[in-house]
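Enquirer: In our numbering, the protein residues as written are 599 to 1366. Sharing a structure, written as structure tokens. Questions coming.
If you want it as structure tokens, here you go:
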């Protein structure tokens, strides 16, 4: 039976389309963003989107040939009977078209006998048969022959998600992550598409468990489904994939400027924080072996019996003195925090939370108890603002000790005594809700609370790392891809994961270098530290019980090569910091797939083992054991080999020597890059000089400088420098904006054949 379109009404930028059944509401947010909404009885607040993002937008609505047509300067949305919607760009190119036929589930050849067998083995037979609860819904879109998919955060597998299916349900699964995993720790339901080379985005803003099939079931359609919730998604247009991402991050937020030291190398291992002595030994060896490092992470062992917001006193003389001692040596301390609060009547955090009713409850009103590291544990109800404020206040304990950041873990939330049941009472702000609805934003709300605590009590740009996340968490926290393992498949997967995270708004991300679980090898560790060179979060982390993977453990040549790449990383930090400045304006990631820069080049649609840094650097890591040569695809343009200066033409594949100590690396011709000093850690003091290197014969570059720590840059306290090398070889350096007091007293421009020195004099840069 047809669900007839009856009429429509318009109220400002909201268009209500009435049907025999429930109405559809379309809201014009910007010329490039239109929201599609249908109320199915759920609260409509968003955790991904803060505030009203609508801007005054001219658009037209008209009835035409039995449908309603909404047009902005960038999108045309056609609405038909049966709530069908088709979306086109301003040139009439189809972007997102609803599928008109019935879905055809995969024939899994499961007869009654085999279904009983599957059920006896614990399989979800109802799901295999495609049966669903009453609140389930699905949205099915037509799939073009030439349609590619990206985004969705750090799902497993390859860069292009076509032909695969995924679930959004934050999950802590300790098994080795392989491409058949449909879900990991994060739910970031932003889908980026290229349909016949025309870009678009769809952001599905629903926190319930949801599923997305990108042509696995059929080559005719892709579909999104959810177990409950409102229909609530955003169509996002743009003239390029970059513009789509800029528009998406306008909607959900951008990664704020990080503190500069967070781009330095970070060392971690579950186990050594059991004592001050062990941590100090790690710090001593890092300096002894001349390995630059800014951060030491303390895993759960530093706490007193795994009680959050405590510090053990048996193996630490004084937590405050220890942190200060490390700071003097150039190391900042990051401490882990889990959401599970130990059930202990003598423990302040537990007692206070019980007295104020801050923990989630069972349906009968009793506080819900499960098990995590401390044993029996209870869980803060982070959906409530009051609870987030309480958690933020507790962060003051760590800030006062001198801790530089907080690492939020186990916040899917993970639990040891079975999964938390769907009906456990969590809050959606002040409304009593369920775990079923709030699960996917639990880590998001914890990260937000941690961010607010660090911001309030430190006055610095907060450094929060979270394992679980939702769309929009990038405003509050850095992320890592969770508990990977020391497997070649995982160093291979690092590139698609970090690139898709970046395109999904999470520009500050990383993996556990060397692998968290299992035992690494010298070759694997070496290729990982090389391949992750431009990963914004640059951290080596390993699990208790695995082989130690600090580089000195393996002797030579591992140690020397590791040192070489740590030192090279610090040379590139000024460039990475500049990229973060640009990211705050555009939302574009630092580490990105080639398809983002060259979306019309079909050669890069499925390129999994190369990545770019901004517009100008191409890295082609070796991710196969024993490989010492590799093919490198160079896109359009001319490229200069970083190591030997040899120039290569683009739109071609070259064979490159890649011995164990070499990361194949190419710079786009006529690029200028800032070149940092060789240092053991990032200084608190502003640099007095800066070098810029030219690759090619000419170029122009804008460089950013601020104090690297607080929010004064938001009030204009930053400097912009323009460095320009003309065709004739003449060089100019100009202070474009002077909002931050200190400036570089000396600037060196390194040309291929000579150096040119400038000094700052009377507000200008003059050649020495």
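Note that the Cβ used here is the ideal one computed from N, Cα and C, for glycine as well.
So residue 1174 and residue 890 are supposed to be a Cβ contact under 8 angstroms. How far apart are they, rounded?
Expert: About 14 angstroms separates the two Cβ atoms, so there is no contact after all.
Enquirer: For residue 990 versus residue 1071, is the C-beta distance shorter than 9 angstroms?
Expert: No; because the gap between Cβ atoms is not below 9 angstroms, this pair is not in contact.
Enquirer: Taking one C-beta from the segment 877-894 and one from the segment 1183-1203 each time, how about it: are there three or more such pairs within less than 8 angstroms?
Expert: No: the two stretches stay apart, fewer than three of their Cβ pairs being nearer than 8 angstroms.
Enquirer: Would you decide whether residue 1088 is buried or exposed? Buried here means 16 or more other CB atoms lie within 10 Å of its CB.
Expert: Looking at its Cβ environment, which holds 16 or more other Cβ atoms inside 10 Å, residue 1088 is buried.
Enquirer: List the endpoints of the continuous alpha helix (DSSP H) containing residue 1094.
Expert: Residue 1094 -> alpha helix (DSSP H) spans 1086-1101.
Enquirer: Give the straight-line distance between the Cα atoms of residue 1299 and residue 1012, rounded to the nearest whole angstrom.
Expert: If you take the alpha carbons of residue 1299 and residue 1012, they lie about 46 angstroms apart.
Enquirer: Measure the C-alpha to C-alpha separation of residue 1151 and residue 1116 and round it to an integer number of angstroms.
Expert: Looking at the two C-alpha atoms, the distance is approximately 16 angstroms.
Enquirer: Taking 9 angstroms as the cut-off, decide whether the C-beta atoms of residue 824 and residue 734 are in contact.
Expert: Their beta carbons are under 9 angstroms apart, which means residue 824 touches residue 734 by this criterion.
Enquirer: Note down the Cα distance separating residue 836 from residue 781, rounded to an integer number of angstroms.
Expert: Spanning the two alpha carbons is a distance of roughly 29 angstroms.
Enquirer: Unbroken alpha helix (DSSP H) runs of length 4 or more, entirely within the segment 903-954: which are they?
Expert: If we require 4 residues or more, the alpha helix (DSSP H) runs fully inside the segment 903-954 come out as 917-926 and 946-954.
Enquirer: Does the segment 1106-1115 touch the segment 804-812, meaning 3 or more C-beta pairs lie closer than 8 angstroms?
Expert: No, the segment 804-812 is not in contact with the segment 1106-1115.
Enquirer: Taking the C-alpha atoms as reference points, what is the distance between residue 634 and residue 1342?
Expert: Each residue's Cα considered, the two are about 50 angstroms apart.
Enquirer: Are there 16 or more other CB atoms within 10 angstroms of the CB of residue 804, so buried, or fewer, so exposed?
Expert: Buried: at least 16 other Cβ atoms inside 10 Å.
Enquirer: By Cβ distance, which residues of its chain are closer than 8 angstroms to residue 1008, with the 5 residues on each side in sequence left out?
Expert: Only 770, 936, 937, 938, 970, 971 and 1065 meet the Cβ criterion.
Enquirer: Curious, which full-length beta strand (DSSP E) runs of at least 3 residues does the segment 1132-1168 contain?
Expert: Taking only runs of at least 3 residues, the beta strand (DSSP E) segments lying wholly in the segment 1132-1168 are 1136-1138.
Enquirer: Only counting the same chain, and skipping five residues up and downstream in sequence, which positions put a Cβ closer than 8 angstroms to that of residue 761?
Expert: The residues are 812, 813 and 814.
Enquirer: Distance check for residue 1135 and residue 1082, CA to CA, integer angstroms please.
Expert: Going from the Cα of residue 1082 to the Cα of residue 1135 covers about 15 angstroms.
Enquirer: Within a Cβ cutoff of 7 angstroms, which residues of the same chain sit near residue 863, ignoring the five residues on either side of it in sequence?
Expert: Cβ neighbours of residue 863 beyond the five flanking positions: 890, 891, 892, 1136, 1164 and 1167.
Enquirer: Would you tell me roughly how many angstroms separate the C-alpha atoms of residue 917 and residue 911, rounded to the nearest one?
Expert: In a straight line, the C-alpha of residue 917 is about 8 angstroms away from that of residue 911.
Enquirer: Residues bridged to residue 1068 by DSSP?
Expert: Partner(s): 785.
Enquirer: So, do the segment 692-699 and the segment 841-855 have three or more beta carbon pairs nearer to each other than 8 angstroms?
Expert: Touching, no, given that fewer than three Cβ pairs across the two stretches are closer than 8 angstroms.
Enquirer: Answer with buried or exposed for residue 599, where buried requires no fewer than 16 other C-beta atoms within 10 angstroms of its C-beta.
Expert: By the 10 Å Cβ count, residue 599 comes out exposed.
Enquirer: Here's a check: name, in chain order, each residue in its chain whose Cβ is nearer than 6 angstroms to the Cβ of residue 1003, leaving out the five neighbours to either side.
Expert: 932 and 1061.
Enquirer: For residue 692, write down the residues that DSSP places opposite it in a beta bridge.
Expert: DSSP, once it has assigned bridges, lists 686 as partnering residue 692.
Enquirer: Identify, in the order they occur along the chain, each residue of the same chain with its Cβ nearer than 8 angstroms to the Cβ of residue 1190, setting aside the five sequence neighbours on each side.
Expert: Counting only Cβ-Cβ distances below 8 angstroms, and skipping sequence neighbours, we find 1097, 1100, 1101, 1209, 1210, 1211 and 1212.
Enquirer: Can you check the segment 1156-1232 for any beta strand (DSSP E) of at least 3 residues that lies completely inside it and give the ranges in chain order?
Expert: Listed in chain order, they are 1209-1211, 1215-1217 and 1227-1232.
Enquirer: With distances taken Cα to Cα, identify the nearest neighbour of residue 960 among 945, 977 and 949.
Expert: Of the candidates 945, 977 and 949, the one whose C-alpha sits nearest the C-alpha of residue 960 is 977.
Enquirer: Run the CB neighbour count on residue 1263, radius 10 Å, all protein chains shown included, and call it buried at 16 or more, exposed below.
Expert: So residue 1263 counts as buried.
Enquirer: What is the DSSP secondary structure of residue 1284, counted as helix, strand or coil?
Expert: Residue 1284: coil per DSSP, three-state reduction.
Enquirer: Assuming residue 1378 is part of the beta strand (DSSP E), what are its boundary residues?
Expert: Because the chain here runs from 599 to 1366, residue 1378 falls outside it and cannot be looked at.
Enquirer: Can you list, in chain order, the stretches of the beta strand (DSSP E) that have 3 or more residues and sit fully within the segment 605-645?
Expert: Listed in chain order, the complete beta strand (DSSP E) runs (minimum 3 residues) inside the segment 605-645 are 612-617, 622-628 and 631-636.
Enquirer: Tell me the DSSP secondary structure of residue 1129 in three-state form.
Expert: DSSP places residue 1129 in helix when its eight states are reduced to three.
Enquirer: Could you pull out every residue in the same chain whose Cβ sits closer than 6 angstroms to the Cβ of residue 1287, ignoring the five residues on either side in sequence?
Expert: Taken in chain order, the residues that qualify are 1342 and 1344.
Enquirer: Have a look at residue 755 and residue 776 and give me their C-alpha separation to the nearest angstrom.
Expert: Those two C-alpha atoms are separated by around 7 angstroms.
Enquirer: Out of curiosity, what's the CA-to-CA distance linking residue 1068 and residue 958?
Expert: Their backbone Cα atoms lie some 20 angstroms apart in a straight line.
Enquirer: For residue 1035, which residues of its own chain have a beta-carbon under 8 angstroms away from its beta-carbon, when the five flanking residues on both sides are left out?
Expert: If we look at residue 1035 and ignore the five residues flanking it on each side, its Cβ neighbours are 640, 805, 806, 826, 827, 1024 and 1026.
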